[in-house]
């Protein structure tokens with residue numbers, strides 16, 4: 245599988261949105277690979293980690309986030325499951341799970357229901373170690389400040405808005421991956 249070919253399929257024009265997606269995704273992939281290589285005992289699938297990290301945000305073009313040049317109709321929080329739908333259509337079911345489960349530190353069905361989030365009513369929490377690693381690596385990079393990596397403290401703070409269960413997961417990932 246060639247993640248760049250899939251990105252080109254859904255982002256055929258060279259524009260600022262595609263640049264943001266590529267820079268962000270490459271940073272997340274590089275961070276995930278760096279952490280995976282530090283932990284050979286976890287026996288992570290490095291090829292999958294790189295592919296899925298490059299594709300985790302493929303659904304952003306369908307959302308309305310003008311500050312990062314997304315002019316779609318869905319709320320930004322929907323980008324994960326929208327990207328997952330694209331990956332399922334392409335036949336990449338495991339990559340789809342990364343897309344769907346990476347938002348925040350994953351979003352539980354309980355959080356979706358209690359917060360009234362505009363998401364399908366199902367668990368969207370990373371399960372496999374590869375899913376968890378990519379979700380974790382993603383927390384260190386934003387699409388609005390492409391030139392810097394967040395500290396652990398800032399990454400932790402940014403996910404606190406998704407509820408305490410996300411912070412607990414993030415803290416656990418710090419112990420596993422750092």
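Residue numbers (the working numbering): 245 to 422.
Quick reminder that beta carbons are idealized off the backbone N, C-alpha and C, glycines included.
Can you tell me whether residue 273 is helix, strand or coil according to DSSP? Here residue 273 sits in helix by DSSP.
6 angstroms Cβ shell around residue 393 - same chain, five flanking residues per side excluded: Residues 384 of the same chain have their beta carbon placed closer than 6 angstroms to that of residue 393, with the five preceding and five following residues left out of the count.
Using a Cβ-Cβ cut-off of 7 angstroms (strictly less than) and excluding sequence neighbours within five positions of residue 366, which residues of its own chain qualify? The residues are 353.
Three CB pairs or more closer than 8 angstroms across the stretch 280-288 and the stretch 246-265: Touching, no, given that fewer than three Cβ pairs across the two stretches are closer than 8 angstroms.
Cα-Cα, which of 362, 346, 317 and 302 is closest to residue 465? Any answer about residue 465 is impossible in this case: the structure gives the chain only from 245 up to 422.
Could you give the distance in angstroms between the alpha-carbon of residue 246 and the alpha-carbon of residue 266? Whole-angstrom Cα-Cα distance: 14 angstroms.
Here's a check: name, in chain order, each residue in its chain whose Cβ is nearer than 6 angstroms to the Cβ of residue 327, leaving out the five neighbours to either side. For residue 327, where only same-chain residues beyond five positions count, the Cβ hits under 6 angstroms are 302, 303 and 343.
Extent of the continuous alpha helix (DSSP H) run through residue 413: First-last of the alpha helix (DSSP H) with residue 413: 408-421.
Residues bridged to residue 318 [DSSP beta-bridge criterion]: 307, per the DSSP bridge assignment.
Determine the contact status of residue 293 and residue 357, defining contact as a CB-CB distance below 8 angstroms. Contact: no.
Which whole-angstrom value is the C-beta distance of residue 378 and residue 300, which I expect to be below 8 angstroms? The pair is a contact, with the Cβ atoms about 6 angstroms apart (cut-off 8 angstroms).
Cβ-based neighbour list, residue 309, same chain, cut-off 6 angstroms, excluding 5 preceding and 5 following: The residues are 320.
Just verifying my parser: in three-state terms, what is the DSSP assignment at residue 298? For residue 298, the secondary structure class from DSSP, reduced to helix, strand or coil, is helix.
Within the same chain, show all residues whose beta-carbon is closer than 6 angstroms to that of residue 382, passing over the 5 residues directly before and after it, in chain order. Result list for residue 382: 272 and 346, in chain order.
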